[in-house]
Amino acid sequence: MSTTTHTPGPWTVEDPLGPESLWIVEAGKEPHEWRCIAMVCRDDLDDHDDFDVPIGAGEQQANARLIAAAPETAAERDRLRELNAELVAALKRARYELVVLDECSSITIEEIDRVIAKAEGR
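Structure, rendered in structure tokens:
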């Protein structure tokens, strides 16, 4: 697992400059403590080109919420990765135990069959 180098979460969405530009900031901090982790704009804010493709407010807010959820999403990914490793290890142990159990039960059944056959004169 790599060491986390991003700004610690949780993050939240704020609009200190108005709704045209949403900021992703650390949650639980006062406005004067905010550092802009990411900015989601409705326009590319570059009026020097012809490539402005504004997005709607709903899409802008959805994008901002998605970015703000990144720390929790990464933490859940790490938790699930660890759980998956535990499950894989448990499955490997269970498979080994089933193979051993199967071998033991086969030997036992074969031995019982041999003794019965001998007793019956077969």
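Take the sequence shown: its position 92, counting from 1, is numbered 92 in UniProt numbering, and each next residue is one higher.
Glycine is no exception: its CB is placed at the ideal position from the N, C-alpha and C atoms.
The region 86 to 95 contacting the region 29 to 38, beta-carbon criterion three pairs below 8 Å: They do not touch, by the three-pair rule.
Uninterrupted alpha helix (DSSP H) stretches inside the region 16 to 43 (no shorter than 4 residues): Those alpha helix (DSSP H) runs which fall completely within the region 16 to 43 and span 4+ residues do not exist here.
Minimum C-alpha distance to glycine 56 - residue among Arg65, Cys41, Ala27, Ile67: That would be Cys41, whose Cα lies nearest to the Cα of glycine 56.
Collapsed DSSP secondary structure at threonine 12 in the structure displayed: It is a strand residue.
Given cysteine 36 as reference, the closest of Gln61, Ile112, Ala68 once Cα atoms are compared: Among Gln61, Ile112, Ala68, the Cα nearest to that of cysteine 36 belongs to Ala68.
Residue nearest to threonine 7 in terms of C-alpha spacing, selected from Val115, Ala85, Glu72: By alpha-carbon distance to threonine 7, the top candidate from Val115, Ala85, Glu72 is Glu72.
Lysine 92 beta carbon near the ligand ADP (any heavy atom closer than 7 Å): As presented, the structure is devoid of all ligands, the ligand ADP included, so that no description of it is given.
Alanine 75 versus valine 13: straight-line alpha-carbon distance, rounded: The straight-line gap from Cα to Cα measures roughly 19 Å.
Status (buried if at least 16 other CB within 10 Å, exposed otherwise) for isoleucine 24: By the 10 Å Cβ count, isoleucine 24 comes out buried.
Whole-number beta carbon distance between proline 10 and alanine 38, since they are thought to touch under 8 Å: Wrong, their Cβ atoms sit about 14 Å apart, outside the cutoff.
Under 8 Å between C-beta atoms of alanine 64 and leucine 91: No, the Cβ-Cβ distance between alanine 64 and leucine 91 is not below 8 Å.
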